[in-house]
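Trainee: Take the sequence shown: its letters are residues 80 to 488, numbered as in the numbering used here.
Beta carbons: idealized from backbone N, C-alpha and C, even for Gly.
These figures come from a predicted structure and were not determined experimentally.
The structure that follows is given in the form of structure tokens.
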Amino acid sequence: MPLTQLTFILILSSSLFWLGLYLIGRDFRSPMLWMAGASQLSYSINLVLNVLDKYAPSVSLARTLENWQIVFTLLPILCWIGLLVAVAPREHAWRRRMLRNRAVMHLLIVGTIFFAVGIALLQLGISTPVRLVVWQLLAVNLLVLGTAVSAIDATEKGEALWPHYLRSFDYSFFTALLFGGQIALVMRFATGINFAMLILLFATIGTAIIVQTFSSRFTTWADEIAFFAFPSRRQERALLRASADAVARVDEGVDLIGLASDEFARLTRKALSEMGNLPKLAASPLTQLPLVSAHLHEQGIQADTLARATTLKQLLAESIGRLKPDGERPFGTTDAWRHYNALYFPYVKGIRPYRRHIDTEHLDTPSRDALNWFRTEVPLRTLYNWQTAAARLIARDLRERSLSVNGNR
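Structure follows, in structure tokens:
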């Protein structure tokens, strides 16, 4: 295999490997990102196997690698089918995504069709030069599709894509170049290209990309060991890392006041669900609300990422408190209480009523009563509907208060 072609395949496979990990790392809870990431990773492995096949030291090993190539050729197609299922679990969800990301969704559909056609061509008896071109075009196509999925996810969350995307790519690229480049130099001037050195090269680059892409998580695990006796120091470092990550995700240019009501309510619903996770809340575009800036200014607090997230959490809690019916009772079960109960106990008090095992010892009497009420009287779907309706009320309250702040300036 010519050196230039080997270098190009190495770049493509490394880029796909990074993008697959990046997609999964954006949100470990998202089936869409898992499917997209798995397709990138499997095709990256496919490219690596294609190279190793050419330098296999024995015929039996070469045949084994060829058989595994078939597996890792079909896996991306299965993953993309799973992705389309995850993107459109319901008809109305598909419509919302199409309207919100029309160009990206069209690119996703066309790219998926192109990818399927390319895989079909590979199964035919096409000549080797054409086959190599198809391999590489499919890799580029997957990179574009993976980036499109990243854009969909960022839009869904109201986040900026490119700062976070490029930061992760740059760090991974230079880390892989630093470690993989040393092995490449040894191969160029000493050992030559052989099976063992290629294994070492791909393994080193892959390890470097994994460590860099998930550097925050690896640092968290290391801190748990290094600072096991200093929990406050460990928590402070975790918040600083979360703040640095949120800075790259926050879309500071979004016009929150000019957003459509449904979109603003959707962002509010998501922010409410992340009240118990300050690092995730820090990436919410609602941290850029004029109301948040006004509160920070009044208190003389520097408007950094964590301060905005903390203030947004306080404002959300205040808005939830406004839903409580008048009176001294801390808990009630009439219709007037449903919106307050649906938000206050799950998001402010942190109660997850439908979990199997809940430690009730630390709960106060109203929280225990609410927990029992949710479990016996309120189905999960009903609670979800109440929370969605209540989130619209919170969104309206936040928007009106922000408009009031703008009007007073």
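Measure the C-alpha to C-alpha separation of residue 149 and residue 162 and round it to an integer number of angstroms.
Mentor: So the alpha carbons of these two residues sit roughly 21 angstroms apart.
Trainee: Rounded to the nearest angstrom, what separates residue 267 and residue 278 at their Cα positions?
Mentor: Taking the straight line from one Cα to the other gives about 15 angstroms.
Trainee: Is residue 331 helix, strand or coil when you go by DSSP?
Mentor: The answer is coil: DSSP assigns residue 331 none of H, G, I, E or B.
Trainee: Rounding to the nearest angstrom, what Cα-Cα distance links residue 217 and residue 274 in this structure?
Mentor: Using only the alpha carbons, I get a separation of about 25 angstroms.
Trainee: Going residue by residue through the region 267 to 339, where are the continuous alpha helix (DSSP H) segments of at least 4 residues, counting only ones entirely within it?
Mentor: DSSP runs (the alpha helix (DSSP H)) wholly in the region 267 to 339: 274 to 292, 294 to 305 and 310 to 328.
Trainee: What's the call for residue 169, buried or exposed, on a 16-neighbour Cβ count within 10 Å?
Mentor: Low confidence applies to residue 169: its pLDDT is 49, below 50, so where it sits in the model is not reliable, and the reading given next is rough at best. With fewer than 16 Cβ atoms within 10 Å of its Cβ, residue 169 is classed as exposed.
Trainee: Exposed or buried, what is residue 419 when buried is set at 16 or more other beta-carbons lying within 10 Å of its beta-carbon?
Mentor: Buried.
Trainee: Quick one: measure Cβ to Cβ for residue 229 and residue 105, integer angstroms, because I've assumed they're closer than 8 angstroms.
Mentor: Going by Cβ atoms, the distance from residue 229 to residue 105 rounds to 7 angstroms, so yes, they are a contact pair.
Trainee: If you count every other CB in all the chains shown that lies within 10 Å of the CB of residue 171, and 16 or more means buried, which is it?
Mentor: Any reading at residue 171 must be qualified, since the residue scores a pLDDT of 48, below 50, and its modelled position is unreliable; no value is offered.
Trainee: Threshold first: 4 residues or longer. Then list the alpha helix (DSSP H) segments lying entirely within the region 423 to 479, N to C.
Mentor: Correct list: 444 to 456.
Trainee: Give the DSSP-derived three-state secondary structure of residue 238 in the structure shown.
Mentor: Three-state DSSP puts residue 238 in a strand.
Trainee: For my contact list, residue 336 and residue 482 are in at a C-beta cut-off of 8 angstroms; report their separation, rounded to the angstrom.
Mentor: Their Cβ separation, rounded to whole angstroms, is 7 angstroms, which keeps residue 336 and residue 482 in contact under 8 angstroms.
Trainee: If you follow the alpha helix (DSSP H) that residue 358 is part of, which residue opens it and which one closes it?
Mentor: First-last of the alpha helix (DSSP H) with residue 358: 357 to 360.
Trainee: According to DSSP, is residue 368 part of a helix, a strand, or is it coil?
Mentor: If DSSP states are grouped into helix, strand and coil, residue 368 belongs with coil.
Trainee: Along the alpha helix (DSSP H) that carries residue 354, what are the first and last residues, could you check?
Mentor: Neither: residue 354 is in no alpha helix (DSSP H) and is coded neither H nor E.
Trainee: If you measure between the beta carbons of residue 421 and residue 466, is that distance less than 8 angstroms?
Mentor: Contact: yes.
Trainee: Starting from residue 111, follow the alpha helix (DSSP H) in both directions and report where the run begins and ends.
Mentor: Where residue 111 is concerned, the enclosing alpha helix (DSSP H) stretches over 110 to 133.
Trainee: Are the region 143 to 157 and the region 250 to 260 in contact at 8 angstroms, needing three or more beta carbon pairs?
Mentor: The region 143 to 157 vs the region 250 to 260: no contact.
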